[in-house]
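Participant: Dropping a structure here in structure tokens format, bear with me for questions.
Residue numbers (the numbering used here), protein chains in the order written: chain C, 2 to 312; chain B, 2 to 142.
Have a look at this one:
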């Protein structure tokens, strides 16, 4: 049933196109929908051999306050990289409610503005992720807070932002997922050829760089001694040798790390539809353990904006 | 008796027509409003759709190059500049100076766009003798 619902959302996204995708693909941006506007978006994401589909719905409560719900899910299973995939969407199968508040909004000229946006979200897991070093970790809800600031003009864009996702302890589980920090810097450019007046296709190119740090995961209770099965490499020796935290939970050695990714992305809007995509490659990577590194991550999405609800 | 009813009916109809037409003689006809912050096609589309839904609007054109909205209004409208400026702000943008074509009356040094409660300092001395002139003038932010 869950799959049917997801497929319906995806099909709807493909047919009706999307929403607040007038920013970069991976990094943080400041844009929000107009008052009463809404959008649906469907993205396909690849990272570390795992493919995900990410549907999202956004609604502009006011011109400076936006509410979004996204629920990315795995299409295929693999050694799942953790940490957020984009500033606006989790990188693991989760349903996330996100509020964006554009608290600073200075309109300085024709086509020009400086603005800053604060994001706050909460998410709950929707799919269990298999691990090579033991049974899946039980997954808890996560909190998310982020901020972005930027300069927007007809010719170029600059955004910078950072966010932190923390997994709480709401249930009886003693497992703890890896917290993650994501930072981003984005520069964008609209070629002179697309300096056309509305209604014409509007194309922008971005160069996005993200930096991330993901913490170590912890396994608690009897699960820490569960037999290690599956996967391409036996890591039971590593688990037995791994340190334990203050609660005597096993610190999973092959979890988390840090990395910097960089690459080109694009955004094309025409009428109520936007297409967006891009690819990023690792510039620097330092994993905590021997888990497979991400060779690249890519993103392609389509969005449709519903502007009729606007005042 | 029958004749008297006919006269009364004719009088009511004429009064109604007079009342219906008279307020339409003072109104905004065309507005060119400069707007700050419009950077993309989607923003322009959203603002255009939003203003098009305002009562009395016949057409809206948005230029991203100049940041100017050109609005044509239906005769007999009750459109107000203050409502337009509020609508632009609600869309997340900043209304600036405007060039307006309107029909109104002079009340002292002020040019009143009747039925809107909005009046402006307009320096067109030759129009002061005219009963309800149509003027094009600029409004500062």
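Virtual Cβ for every residue (Gly too), placed ideally from N, Cα, C.
So, do the region 259–271 of chain C and the region 25–45 of chain C have three or more beta carbon pairs nearer to each other than 8 angstroms?
Facilitator: At 8 angstroms Cβ cutoff, the stretches touch.
Participant: Nearest by alpha-carbon distance to residue 58/B: which of 137/B, 31/B, 68/B, 41/B is it?
Facilitator: With distances taken between Cα atoms, residue 58/B lies closest to 31/B.
Participant: Please classify residue 286/C: does DSSP put it in a helix, a strand, or coil?
Facilitator: Here residue 286/C sits in strand by DSSP.
Participant: Is it buried or exposed for residue 112/B, if we count other Cβ within 10 angstroms and need 16 for buried?
Facilitator: It is buried - the Cβ of residue 112/B has at least 16 other Cβ atoms within 10 Å.
Participant: Residue 308/C touches chain B at which residues, Cβ-Cβ below 8 angstroms?
Facilitator: Under the 8 angstroms cutoff, chain B gives 46, 47, 50, 51.
Participant: Take residue 301/C and list the residues in its own chain whose beta-carbon comes closer than 6 angstroms to its own, dropping the five residues that flank it on each side.
Facilitator: The residues are 45, 278.
Participant: Contact check, residue 70/C vs residue 98/C under 8 angstroms by CB: the rounded distance?
Facilitator: Contact holds; Cβ gap of about 5 angstroms.
Participant: Where does residue 9/B sit, in a helix, a strand or coil, going by DSSP?
Facilitator: Residue 9/B falls in the helix class under three-state DSSP.
Participant: For residue 86/B, decide whether its Cβ has a neighbour in chain C, counting only Cβ atoms nearer than 7 angstroms.
Facilitator: It does not: the Cβ of residue 86/B has no partner Cβ on chain C nearer than 7 angstroms.
Participant: Report the neighbours of residue 113/C on chain E: residues whose CB is nearer than 8 angstroms to its CB, in chain order.
Facilitator: In the structure shown, chain E cannot be found, because the protein chains are C and B.
Participant: List, in chain order, every chain B residue whose beta-carbon is nearer than 9 angstroms to that of residue 151/C.
Facilitator: The contacting residues do not exist; residue 151/C stays about 11 angstroms from chain B at best.
Participant: Exposed or buried, what is residue 88/B when buried is set at 16 or more other beta-carbons lying within 10 Å of its beta-carbon?
Facilitator: With 16 or more Cβ atoms within 10 Å of its Cβ, residue 88/B is classed as buried.
Participant: Does the count of Cβ pairs from the region 38–52 of chain C and the region 204–211 of chain C closer than 8 angstroms reach three?
Facilitator: As far as the Cβ criterion goes, the region 38–52 of chain C does not touch the region 204–211 of chain C, which means the pair count is below three.
Participant: Check whether the Cβ of residue 24/B lies closer than 7 angstroms to any Cβ atom in chain C.
Facilitator: The predicted position of residue 24/B is uncertain, since its pLDDT is 45 and thus under 50; a value taken from the coordinates is nonetheless stated next. Closer than 7 angstroms: no.
Participant: Against chain B, which members of the region 200–216 of chain C pass a CB distance test of less than 7 angstroms?
Facilitator: From the region 200–216 of chain C, only 200, 201, 203 have a Cβ closer than 7 angstroms to chain B.
Participant: Is any beta-carbon of chain B found at less than 7 angstroms from that of residue 324/C?
Facilitator: A query on residue 324/C cannot be resolved here, the shown segment of chain C reaching from 2 to 312 and no further.
Participant: In terms of DSSP beta bridges, what is residue 194/C paired with?
Facilitator: DSSP output for residue 194/C lists no bridge partner at all.
Participant: Quick check on DSSP: helix, strand or coil for residue 55/B?
Facilitator: In the structure shown, residue 55/B sits in coil (DSSP, three-state: anything other than H, G, I, E or B).
Participant: What residues in the region 261–275 of chain C have a beta carbon less than 8 angstroms from any beta carbon of chain B?
Facilitator: Of all residues in the region 261–275 of chain C, 270, 271, 272, 273, 275 have a Cβ within less than 8 angstroms of some Cβ in chain B.
Participant: So does the region 57–65 of chain C actually touch the region 138–157 of chain C, counting three or more Cβ pairs closer than 8 angstroms?
Facilitator: Result no; under three Cβ-Cβ pairs closer than 8 angstroms.
Participant: Alpha carbon to alpha carbon, what distance is there between residue 255/C and residue 134/C?
Facilitator: Looking at the two C-alpha atoms, the distance is approximately 8 angstroms.
Participant: With residue 114/B and residue 103/B assumed to form a contact (beta carbons below 8 angstroms), what rounded beta-carbon distance in angstroms separates them?
Facilitator: 5 angstroms between Cβ atoms; contact.
Participant: Measure the C-alpha to C-alpha separation of residue 62/B and residue 73/C and round it to an integer number of angstroms.
Facilitator: Cα to Cα, the separation comes out at about 39 angstroms.
Participant: Mind listing the chain C neighbours of residue 11/B? Cutoff is C-beta to C-beta under 7 angstroms, in chain order.
Facilitator: Within 7 angstroms Cβ-Cβ: nothing; residue 11/B doesn't reach chain C, min ~44 angstroms.
Participant: Where do the ends of the beta strand (DSSP E) carrying residue 46/C lie?
Facilitator: Residues 39–48.
Participant: Taking 7 angstroms as the CB-CB cut-off, is residue 57/C touching chain B?
Facilitator: Not closer than 7 angstroms to any Cβ of chain B, the Cβ of residue 57/C fails to qualify, so no.
Participant: Do residue 95/C and residue 43/C have their beta-carbon atoms positioned less than 7 angstroms apart in this structure?
Facilitator: Contact flag unset, no.
Participant: CB residue 103/C to CB residue 65/C, shorter than 7 angstroms?
Facilitator: In this structure, residue 65/C lies closer than 7 angstroms to residue 103/C by Cβ.
Participant: Comparing C-alpha positions only, which one of 139/B, 140/B, 29/B, 38/B sits nearest to residue 79/B?
Facilitator: Checked all of 139/B, 140/B, 29/B, 38/B; the closest Cα to residue 79/B is 29/B.
Participant: My understanding is that residue 124/C touches residue 142/C, with C-beta atoms under 8 angstroms, so please give their C-beta distance in whole angstroms.
Facilitator: That pair is a contact at about 6 angstroms.
Participant: Taking its Cβ as the centre, do 16 or more other Cβ atoms sit within 10 Å of residue 160/C, making it buried, or is it exposed?
Facilitator: Counting Cβ neighbours within 10 Å, residue 160/C comes out buried, since at least 16 surround it.
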